[in-house]
Amino acid sequence: MSADFWEDVSTTWAEAEQAGTEPAAADPPDLRLRRARLGRTGARIAITGQPGAGKSVLFDALVDRTGPAYQPPGQSHDREKHRLAVARGDQRRRSSVIVVPGQRSNNQAAAFDELLAAGAGPAGIIHVVCWGYNTAWNAGNRATMLDEIRAAGQPVNADTVRAWHRAGELADFRVLADKLATSGALDRLRWLVVAVAKCDLFWSDIAAAREYYIPVPGHPTADSPFGEVLRGLTADGKNDVQLAVLPISSYAAGHDFGVGLPKQPRQFDDAQTTAVRRQFFTVLGRYL
Ligand SMILES: Nc1nc2c(ncn2[C@@H]2O[C@H](COP(=O)(O)OP(=O)(O)OP(=O)(O)O)[C@@H](O)[C@H]2O)c(=O)[nH]1
Ligand SMILES: [Mg+2]
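The opening residue of the sequence shown carries number 822 in my numbering; numbering runs sequentially from there.
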C-alpha cells in the first residue's frame, strides 16, 4: 500500500518530466482559474514556502497573469488573500487562497494563526520549494548566509548558496509539518501539492530534484531529509491526504543569487514552460 502511494506520486511527476523534456502538442487542461472579486469564498487553499521561493508568482501563473509584460510583485510582507473562481468542464466552484509570506515575522505568525485556527484548517496546501533558487530579497539574510557559508570553511558559489537555501527550506518544511500536526489542521487537510518551482532554472538537474523531493517507494530508509518529512506528514497515504509533487515554471527568467555571482540563465523555452505548467494544472484540477 505505502509503496503504491509513492509509486503513484512518482508516476505523476514522471509525466511532468516527460512533458518538459519532450513537449508535445496536447489539448490544454479542462480547467480555468481566475481571480474573483466578490461572492462566496468556498474551500480554503494556502500557499506556503520560504521567502523568494515563488509563491506569489505561482499564484499569478495559476490565474494566467504571467504573460510577456508581467512584472513580478517583489517581496511579500503580509499575507495575500484572493478569491478564486474555478471552472472545470461545466462545474463551477469557488476557493479562497491565502499566500503566507515566507519571511518569519509577526505578519507571518498572524497568517498561520488565521490559517490554522481551531477547526478551520485549509482543505489544500500548495507548498512551494525551489531547489535552492530562492530570491534573496533581504540584505540581512544575505549577510547571514555569507557569514555561515564562510564560517563552515566553504567557498561562496552557486552550489553552496543553493545548499544554504535548501537547508532553510527543509527547516521551514519541518516547522510547517509540525504546525499542521499539532494544530489538528492535518486532520482536515484533503490535499497537498509540493510545487518544485523555478524548474526552468535547473531542468538539467531535474532527476536529482525528483530524488530529493519524493520519498523512495518501498524504501523509507533511503529517503532524503525532505522525503522523510513528507513521508511522515502524509503517513504513506494512510491519512487520506492526496499528494502530488510536481515541477512548475511560473515565470521563466534568469536567476540572480544576489551575492555577486554570475546570473544563471533559464533552460526552458516557451513550449517546455507550457507543457510542464499544463501537467501541474491537470493534477491540481483534480483536487480543486
Ligand atoms: N526562473 C524563474 N524565476 C521565478 C519563477 N517564479 C518566480 N521567480 C522569480 O522569483 C522571485 C520570487 O518569487 P515570488 O513569487 O515573489 O516569491 P515568494 O515565494 O512570494 O516570496 P515571499 O514574498 O518572500 O514570501 C520572482 O520575483 C521572480 O523573479 C519561476 O518559475 N522561474
Ligand atoms: Mg510573495
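No residue lacks a Cβ here, since even glycine has one placed at the ideal position from N, Cα and C.
- Between PRO1038 and SER897, the beta carbon gap of about 36 Å keeps them out of contact (Cβ cut-off 8 Å).
- Contact check between the stretch 831–842 and the stretch 906–917: fewer than three CB pairs, one atom from each, fall below 8 Å, which does not count as touching.
- For GLN1085, the three-state secondary structure derived from DSSP is strand.
- Judged by beta-carbon spacing, THR862 lies within the 8 Å limit of ARG904, meaning their Cβ atoms are closer than that value.
- Unbroken beta strand (DSSP E) runs of no fewer than 3 residues, entirely contained in the stretch 1021–1045, are not found.
- SER1004 has its Cβ no nearer than 7 Å to any heavy atom of ligand 2.
- Nearest C-alpha to ALA1074 among ALA1029, SER1004, ALA939, THR887: THR887.
- The beta carbon of LEU852 is closer than 8 Å to those of VAL907, ALA908, ARG909, PHE1102, THR1103, LEU1105, GLY1106, LEU1109 in its chain, skipping five residues each way along the sequence.
- Taking C-beta atoms as the reference points, PRO889 and VAL878 fail to come closer than 8 Å.
- Excluding sequence positions up to five before and after ARG963, its CB lies within less than 8 Å of the CB of ALA957, GLY1079, VAL1080, all in the same chain and listed in chain order.
- With a cut-off of 7 Å, the C-beta of ARG1087 is classified as near ligand 1, since at least one heavy atom of the ligand falls inside that distance.
- Between VAL1097 and PRO1068 a beta carbon distance of about 6 Å is seen, short of the 8 Å cut, so the two are scored as contacting.
- DSSP places SER917 inside the beta strand (DSSP E), whose first and last residues are 912–920.
- In the displayed model, GLU843 falls within coil according to three-state DSSP, outside both helix and strand.
- Proximity to VAL949 across GLN1063, PRO922, ALA932, GLY961 peaks at PRO922, based on C-alpha coordinates.
- For ligand 2, a non-hydrogen atom lies closer than 7 Å to the CB of SER897.
- Between GLY953 and LEU1064, the alpha-carbon positions lie close to 22 Å from each other.
- Between GLY841 and GLN1093, the C-beta gap is smaller than 8 Å, which places the two residues in contact.
- In this structure, DSSP gives LYS876 a helical state, which the three-state scheme calls helix.
- Assignment of ALA964 by DSSP, reduced to helix, strand and coil, places it in the helix class.
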